[in-house]
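Below you'll find the structure, written out as structure tokens, and then a few comments.
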Amino acid sequence: MDDVDPTPEVLRDAPGSADTDSDAVEQTDEERASIRALRLKKISDLRESGAEPYPYRFDRDRTIDDLRAQFGALEAGEERDVEVAIAGRLMLKRDQGRLTFGQLRDRSGEVQLFVSAGVIGKDRLVEFNDLDRGDWIGVTGTVMVTKKGELSVKVSSFTLLSKALRPLPDKWKGLSDVDARYRQRYVDLTVNSDARRVFEIRFAAVQSIRNELQRRGFLEVETPFLHLQQGGATARPFITHYNALNMDTYLRIALELPLKRLLVGGLERVFEIGRVFRNEGIDTRHNPEFTMLEAYQAFGDYSEMMELTEQLVAGAAMAATGSTVVSSRGVQIDLTPSWRRVSMVDLIGEVVDVEMHPSMPLQDARAILDRLGLSYKPTWGSGRCTHEVYDELVESTVVQPTIVLDHPRETSPLAKPHRNDPSLVERFEVIVDGRELANAYSELNDPIEQLARFQEEAAAKAAGDPEAGDVDLDYVRALEYGMPPAGGLGIGIDRLIMLLAGVESIREVILFPTLRPEAGLTEAEFPSAQV
RNA sequence: GCCUCUGUGGCCAAGUGGUAAGGCAGCGGACUUUUAAUCCGACGAGCGUGGGUUCGACCCCCACCGGAGGCACCA
Numbered sequence: 001m002d003d004v005d006p007t008p009e010v011l012r013d014a015p016g017s018a019d020t021d022s023d024a025v026e027q028t029d030e031e032r033a034s035i036r037a038l039r040l041k042k043i044s045d046l047r048e049s050g051a052e053p054y055p056y057r058f059d060r061d062r063t064i065d066d067l068r069a070q071f072g073a074l075e076a077g078e079e080r081d082v083e084v085a086i087a088g089r090l091m092l093k094r095d096q097g098r099l100t101f102g103q104l105r106d107r108s109g110e111v112q113l114f115v116s117a118g119v120i121g122k123d124r125l126v127e128f129n130d131l132d133r134g135d136w137i138g139v140t141g142t143v144m145v146t147k148k149g150e151l152s153v154k155v156s157s158f159t160l161l162s163k164a165l166r167p168l169p170d171k172w173k174g175l176s177d178v179d180a181r182y183r184q185r186y187v188d189l190t191v192n193s194d195a196r197r198v199f200e201i202r203f204a205a206v207q208s209i210r211n212e213l214q215r216r217g218f219l220e221v222e223t224p225f226l227h228l229q230q231g232g233a234t235a236r237p238f239i240t241h242y243n244a245l246n247m248d249t250y251l252r253i254a255l256e257l258p259l260k261r262l263l264v265g266g267l268e269r270v271f272e273i274g275r276v277f278r279n280e281g282i283d284t285r286h287n288p289e290f291t292m293l294e295a296y297q298a299f300g301d302y303s304e305m306m307e308l309t310e311q312l313v314a315g316a317a318m319a320a321t322g323s324t325v326v327s328s329r330g331v332q333i334d335l336t337p338s339w340r341r342v343s344m345v346d347l348i349g350e351v352v353d354v355e356m357h358p359s360m361p362l363q364d365a366r367a368i369l370d371r372l373g374l375s376y377k378p379t380w381g382s383g384r385c386t387h388e389v390y391d392e393l394v395e396s397t398v399v400q401p402t403i404v405l406d407h408p409r410e411t412s413p414l415a416k417p418h419r420n421d422p423s424l425v426e427r428f429e430v431i432v433d434g435r436e437l438a439n440a441y442s443e444l445n446d447p448i449e450q451l452a453r454f455q456e457e458a459a460a461k462a463a464g465d466p467e468a469g470d471v472d473l474d475y476v477r478a479l480e481y482g483m484p485p486a487g488g489l490g491i492g493i494d495r496l497i498m499l500l501a502g503v504e505s506i507r508e509v510i511l512f513p514t515l516r517p518e519a520g521l522t523e524a525e526f527p528s529a530q531v
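Quick look at the structure:
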């Protein structure tokens, strides 16, 4: 101990601090205080000394990634007399006495801080050691590499940018409680690199899709979340109330109808990547709010959409993971175009070995379901029965990306009838790893037919089907002005990201998944008085 | 809605009828090239909540709350 006694004022007269053998060392109040109380005290001490624990800004001059790019080639022991200013969260501290190492992280990466009493003085070193893991700080210093070869910033000054009142989770084990991870995503993102990785994949994939569509001349648009009619998909909506107009509105369940109005308006190629809401259950594949891509291209039909889907998905995979081969549940999946294309009836024949077709007599279709051990409802026609076989026995067996085309007309109310077979529609779904990834049609643009289908839906809704939609007369009116022939495509972005990131739960790809209210979080947990 | 699993100090985690291990973080101390730093020391929870059984419950029972998975429902 030379010039400075680092013992805080309150500890100076601590009883028993000299004799550790015989009598039990009595703890001072400060030593016993909670982490929160200690940190509150640090805040008030800082303010008393004229420092601000929550200052307004810090001018950094580069990110940590920039720093590594510029100086990563230095050899062990080298130093550069270049002053840098970086900022981030202090993730680790290793106190060596007259030298402390820190780990500073910003969004781009992490770098070691070399904080030496010989550089900043003993008093400042003590202050640095008073920082807590989790604090945000800005530092300036020069660049060096330790003799173990670790690129470091030799700190010449540091500033607290934001004091953390709560401690970070275990520095090695991190945060594994899934409930806490979803509720406190800010902590999850701070300590779990896997969580950050998933969202980096998400951002890259969405960006890739957006860029590719824009490159192809699609306009990105935004359409209303609040809908006056339920439509565009079969799903139960959320209902909310708009006070000013004193009426209930629906949160959108699909993007389809507004976007196709834009085709009527001549925008030709439009897309939207946006949130939709479905008032349904939560499980590993469903969140009540999720993100859809829908894209519509005039003058094409569903065959254009096949190529587009392949390019969007493969491009997203490449952008997000660097490869078009992904691994899901231990299986390698090759998303490289072109994908297999097979009609639904052919695929059924292949997998289940039965001849089935929506145009077959109903009693024959029922006989097949009976033989396969599948049940059916009296209202189902042959098309629905065919689809049931596909759903129950075929879809889950398809692993590699497959375009399953030409669905039964009966189960596809929004698609255009097949040009060669009136019992089918021009529709395809992309199946990957046993799950639906995309859905596309040649879009129905016949206003007479559209009105009839709306009326059927409205009748079903009136009969108690909460998923059936309303008659959207304005949409029919739009079609009566003429909608160009078009192909349309929908991709569930969340499920695409699940595939690319190799995660099994949709909650892993949504920053703030829907959860029940947290019990027990009350203001009692936020005392601001010390002690 | 049903079934199974699950909830232990800030984080991780053992204990599963006999009165709460351990690790990390935090606190005190040592240490100027560490990197999950190390070493020494002292401290911190009555086990999601509420009931019940028992001489005694974190451990058994019931209900409730939260979470996970599955089924059903749904696409």
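Residue 1 is where the first sequence starts when you use full-length UniProt numbering, and the numbers rise one by one after that. Yeah, the Cβ is synthetic: ideal placement off N, Cα and C, and Gly gets one too. Note that the structure is predicted; figures quoted are calculated from it, not measured.
CB of G174 within 9 Å of CB of V191, strictly: Contact flag set, yes.
Is there contact between the segment 228-238 and the segment 203-211, where contact requires at least three CB pairs shorter than 8 Å? Cβ pair count under 8 Å is below three, so no.
Looking at V270 and E220, is the spacing between their C-beta atoms short of 9 Å? In this structure, V270 lies closer than 9 Å to E220 by Cβ.
Rounded C-alpha distance that separates L92 from E525: CA-CA distance, L92 to E525, rounds to 26 Å.
What residue range does the alpha helix (DSSP H) around K41 cover? Element bounds for K41: I35 to E48.
According to DSSP, residues forming a beta bridge with A415: Partner residues in the beta bridge of A415, as assigned by DSSP, are E443.
Tell me the DSSP bridge mates of E294? Checking the DSSP bridge columns, you'll see E294 partnered with E272 and G490.
Closest by C-alpha distance to G109, when choosing among E79, V84, E83 and L67: With respect to the C-alpha of G109, the residue from E79, V84, E83 and L67 having the closest C-alpha is L67.
Kindly confirm or deny that the segment 253-262 and the segment 272-284 touch, where touching means at least three C-beta pairs closer than 8 Å. Yes, the segment 253-262 touches the segment 272-284.
Which parts of the segment 309-365 are runs of the alpha helix (DSSP H), unbroken and 4 residues or longer, counting only runs that do not cross its ends? Counting only runs of 4 or more, we get 344-352.
Assign Q184 to one of three DSSP states: helix, strand, or coil. The answer is coil: DSSP assigns Q184 none of H, G, I, E or B.
Is it true that the CB of P484 sits closer than 9 Å to the CB of F299? Yes, the Cβ-Cβ distance between F299 and P484 is below 9 Å.
Residues that K93 bridges to, as DSSP identifies them: Partner(s): G102.
Within the continuous beta strand (DSSP E) that includes H241, where are the two ends? Unbroken beta strand (DSSP E) run through H241: I239 to Y242.
Mark W380 as exposed unless 16 or more other C-beta atoms lie within 10 angstroms of its C-beta, in which case mark it buried. Looking at its Cβ environment, which holds 16 or more other Cβ atoms inside 10 Å, W380 is buried.
Integer Cβ distance of P401 from W339, believed to fall under 8 Å: Here P401 really is in contact with W339; their C-beta atoms are around 4 Å apart, less than 8 Å.
If you pair each beta-carbon of the segment 491-506 with each one of the segment 307-321, do three or more pairs fall below 8 Å? By the Cβ test, the segment 491-506 is in contact with the segment 307-321, since at least three Cβ pairs between them sit closer than 8 Å.
Counting pairs of Cβ atoms below 8 Å between the segment 317-331 and the segment 406-418, do you hit three or more? Three or more beta-carbon pairs separated by less than 8 Å are not found between the segment 317-331 and the segment 406-418, which leaves the two stretches without contact.
When you compare the segment 419-434 with the segment 362-370, are there three or more beta-carbon pairs, one atom per stretch, that lie closer than 8 Å? Judged by Cβ distances under 8 Å, the segment 419-434 makes no contact with the segment 362-370, as fewer than three pairs qualify.
So, does the segment 127-145 touch the segment 162-174, judging by three or more C-beta pairs under 8 Å? Taking 8 Å as the limit for Cβ pairs, the verdict is that the segment 162-174 does touch the segment 127-145.
Candidates Y182, E127, Y242 and D95: closest to L515 by CA position: Cα-wise, what sits closest to L515 is Y182.
Counting Cβ pairs, one atom from each stretch, are 3 or more of them under 8 Å apart for the segment 152-159 and the segment 114-122? A contact exists between the segment 152-159 and the segment 114-122.
Unbroken alpha helix (DSSP H) runs of length 4 or more, entirely within the segment 460-490: which are they? Under the rule that a run must span 4 or more residues, the alpha helix (DSSP H) segments found entirely inside the segment 460-490 read 473-481.
Endpoints, the alpha helix (DSSP H) within which L262 is located: DSSP places L262 inside the alpha helix (DSSP H), whose first and last residues are E256 to V264.
Give the straight-line distance between the Cα atoms of P378 and T223, rounded to the nearest whole angstrom. Counting only the Cα atoms, T223 lies some 39 Å from P378.
Extent of the continuous beta strand (DSSP E) to which I137 belongs: Going by DSSP, I137 is part of the beta strand (DSSP E) stretching over W136 to V145.
Cross-strand partners of P408 (DSSP beta bridge): Answer is L424.
Taking the C-alpha atoms as reference points, what is the distance between D346 and H241? Computed Cα separation, rounded: 48 Å.
Can the beta-carbon of T386 be found closer than 9 Å to that of P422? No; because the gap between Cβ atoms is not below 9 Å, this pair is not in contact.
Less than 6 Å between C-beta atoms, sequence neighbours within five positions excluded: which residues of the same chain meet that for M305? The residues are A440, G487 and L489.
Is it true that the CB of L90 sits closer than 9 Å to the CB of L104? Between L104 and L90, the gap from beta carbon to beta carbon is short of 9 Å.
Can you say whether R371 is buried or exposed, counting buried as having 16 or more other CB atoms within 10 angstroms of its CB? With fewer than 16 other Cβ atoms within 10 Å, it is exposed.
Per-residue burial, F203 [other beta carbons within 10 Å of its own, 16 or more giving buried]: Around the beta carbon of F203, a 10 Å sphere encloses fewer than 16 other beta carbons of the protein chains shown; the residue is thus reported as exposed.
Given a threshold of 16 other Cβ atoms within 10 Å of its Cβ, counted over all protein chains shown, does L226 qualify as buried or as exposed? If you draw a 10 Å sphere on the C-beta of L226, you find fewer than 16 other C-beta atoms in it, and that means exposed.
Are the Cβ atoms of V264 and L335 separated by less than 9 Å? Taking 9 Å as the Cβ cut-off, V264 and L335 do not qualify as a contacting pair.
Please name the residue or residues paired with I86 in a DSSP beta bridge. I86 is bridged by DSSP to V139.
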